[in-house]
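In case it helps, the working numbering puts the sequence shown at residues 7 to 382. Here the structure is laid out as structure tokens; the discussion comes afterwards.
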Amino acid sequence: MFQIEAIRLHEIAMELAFPFETSFGRTSTRRILLVELECDGLTGWGECVAGEHPYFSEETVDTAWLVTEGELAQRLLDAELEGGGDCPRIFAQVRGHRMAKAALENAVWDLVAQRRGVPLAGLLGGARTKIPCGVSIGIQPSPEQLMETIAKELAAGYQRIKLKCKPGWDSRIFEQVRTRWPDIVLSCDANSAYRMRDSDEIASWDQFRLLMIEQPLWYDDFYFHAMLQKRLNTAICLDESIRNRRDALAAIDMESCRIINIKVGRVGGFSEAIAVHNAAEERGVPVWCGGMLETGIGRSHNIALSSLPNFSLPGDVSASSRYWREDIIEPDVTVSRSGEISVPTAAGRGFAVRRDRIEALTVRSSTVRGRARVLV
Ligand code: OSB
Ligand code: MG
Numbered sequence: 007m008f009q010i011e012a013i014r015l016h017e018i019a020m021e022l023a024f025p026f027e028t029s030f031g032r033t034s035t036r037r038i039l040l041v042e043l044e045c046d047g048l049t050g051w052g053e054c055v056a057g058e059h060p061y062f063s064e065e066t067v068d069t070a071w072l073v074t075e076g077e078l079a080q081r082l083l084d085a086e087l088e089g090g091g092d093c094p095r096i097f098a099q100v101r102g103h104r105m106a107k108a109a110l111e112n113a114v115w116d117l118v119a120q121r122r123g124v125p126l127a128g129l130l131g132g133a134r135t136k137i138p139c140g141v142s143i144g145i146q147p148s149p150e151q152l153m154e155t156i157a158k159e160l161a162a163g164y165q166r167i168k169l170k171c172k173p174g175w176d177s178r179i180f181e182q183v184r185t186r187w188p189d190i191v192l193s194c195d196a197n198s199a200y201r202m203r204d205s206d207e208i209a210s211w212d213q214f215r216l217l218m219i220e221q222p223l224w225y226d227d228f229y230f231h232a233m234l235q236k237r238l239n240t241a242i243c244l245d246e247s248i249r250n251r252r253d254a255l256a257a258i259d260m261e262s263c264r265i266i267n268i269k270v271g272r273v274g275g276f277s278e279a280i281a282v283h284n285a286a287e288e289r290g291v292p293v294w295c296g297g298m299l300e301t302g303i304g305r306s307h308n309i310a311l312s313s314l315p316n317f318s319l320p321g322d323v324s325a326s327s328r329y330w331r332e333d334i335i336e337p338d339v340t341v342s343r344s345g346e347i348s349v350p351t352a353a354g355r356g357f358a359v360r361r362d363r364i365e366a367l368t369v370r371s372s373t374v375r376g377r378a379r380v381l382v
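Printed below as a string of structure tokens:
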């Protein structure tokens, strides 16, 4: 058993190497909340994937900061811990705020892997030595620029191309891409940009042989996704709608989707991500690891999670250089010519955190300390 001595919050600002556009907006500079746990001379790190605005989910960097500093940190500091698996119980009184909870819980797992001298991937139950990688390509200023970007990513070796789409940036784009690359593994992600009135249009995408259509309808829906899935040959994949294991069970049972995107922040931490993974695996539903434009810290955690057996489809976990001119870890995350990332075998996350870099990027920080302990 151990107890965390102090929790540091760092908000950093980092400019993306390439702006990222989805159906809900465009991001050029990321604001990112990092949490750091101190215990017995070791530091565990976690990254909160909440965005700058409440567009992907209700959470933002600011709500995560408030609830971490005001509610979650003290609960964690007061707890006697065995591992990251204790966190859901410790945080249970606080409803929602899953991205804030995940940052702390993942930092505990990160710390425990170091304490035990084992790789984080193994601690989570992963066994893969390499993970298959895909890329998520944002909406581009022109179809020509999109074609150029796809050509570059395929040349780099990525195994699956996911296109962000929205009404007006869909069928015509898919057609051009399929004409030029008839055989690549292709998918799309609408981030809830469509409604049931668009179902004829969406059904017509079967001709493009997409691996999946990600979150076409409302961010909180299962029912209409099930109605839509009945009309499609193409698999629906749910992202935003799946908040926990119970959601995964409901979605699978109702046939709202045939594939699940697991984002560890979206489901509240590694414990719940593993529970979603296992529930899907038992029901024969493949999963893959989503991305949220993470720094190297969140990316290293995504790599570890992706080593679990049912992460059988290429994820959105790709090289540091696709996001950042200079990452905050060492070495950078790199992808092989065959489109794979090697899972680190060193103890912990397997990438060193560059504190100098974090300090240079910090816009605010705060420390919450454990209550004074009675020494007897
Ligand atoms: O829906 O998967 C998504 C980025 C921000 C918010 C939502 C999503 C995404 C991505 C980017 O698709 C994935 C990545 O490369 O990190
Ligand atoms: Mg998505």
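The beta-carbon is built from N, C-alpha and C at its ideal position, and this holds for glycine as well.
Distance between beta carbons of residue j and residue i, contact taken as under 8 Å
i	j	result
Met218	Ala241	5 Å
Pro293	Arg251	Before going further, note that residue 293 is Val rather than Pro in the sequence given. Not really, about 12 Å apart at Cβ, beyond 8 Å.
Val41	Ile13	6 Å
Pro350	Pro125	6 Å
Lys136	Ser348	6 Å
Ile303	Glu53	4 Å
Trp115	Gly90	4 Å
Asp84	Arg377	7 Å
Phe276	Leu311	7 Å
Gln182	Pro149	6 Å
Leu39	Ser372	10 Å between Cβ atoms; not a contact.
Arg305	Val339	5 Å
Val273	Arg249	6 Å
Val10	Leu82	Note on identity: in this sequence residue 10 is Ile, with Val being the wrong assignment. With 8 Å as the limit, Ile10 and Leu82 qualify as a contact, their Cβ atoms being about 6 Å apart.
Asn197	Gln165	Between Gln165 and Asn197 the Cβ distance is about 22 Å, and since that is not below 8 Å, they are no contact.
Thr402	Phe26	The question about residue 402 has no answer here: the residues shown for the chain are numbered 7 through 382.
Contact check, residue i vs residue j, beta carbons under 8 Å
i	j	result
Asn267	Leu234	no
Cys45	Leu110	no
Met7	Glu86	yes
Leu216	Ile265	no
Gly271	Ala108	yes
Ala254	Ala285	yes
Lys170	Ile145	yes
Phe214	Leu223	no
Ser29	Lys172	yes
Glu336	Arg360	yes
Ala353	Gln120	yes
Gly163	Gly31	no
Arg36	Leu299	yes
Arg363	Ile334	yes
Tyr225	Ser193	no
Ile309	Val291	no
Ser342	Ala133	no
Gly297	Ser142	yes
Glu278	Pro315	no
Ala3	Leu160	There is no way to answer for residue 3, as the model of the chain reaches only from 7 to 382.
Phe317	Ser262	no
Gly123	Ile167	no
Asp259	Leu238	no
One or two residues paired with residue i in a DSSP bridge
i	result
Arg215	Answer by DSSP bridge pairing: none, since Arg215 is not bridged.
Phe8	Leu87
Ser372	Leu15
Ile3	Outside the displayed span of the chain (7 to 382) sits residue 3, for which this structure offers no information.
Cys295	Ile268
Glu336	Ala358
Cys243	Glu220 and Ile265
Ala142	Here the sequence assigns Ser to residue 142, which means Ala is not the residue at that position. For Ser142, which the question treats as bridged, DSSP gives the partners Lys168.
Cys54	Leu39
Asp195	Lys170 and Glu220
Gly302	Paired residue(s): none; Gly302 is not in a bridge.
Leu48	Cys45
Touch test, the segment 148–164 against the segment 126–135, Cβ-Cβ under 8 Å, three pairs minimum
no
With contact counted as at least three CB pairs below 8 Å, one residue from each stretch, are the segment 58–76 and the segment 93–109 in contact?
yes
Using 8 Å as the cut-off, can you tell me whether the segment 193–212 makes contact with the segment 163–181, which would need three or more C-beta pairs spanning the two stretches below that distance?
yes
Pairing CB atoms from the segment 16–24 with CB atoms from the segment 72–81, are three or more of them under 8 Å?
no
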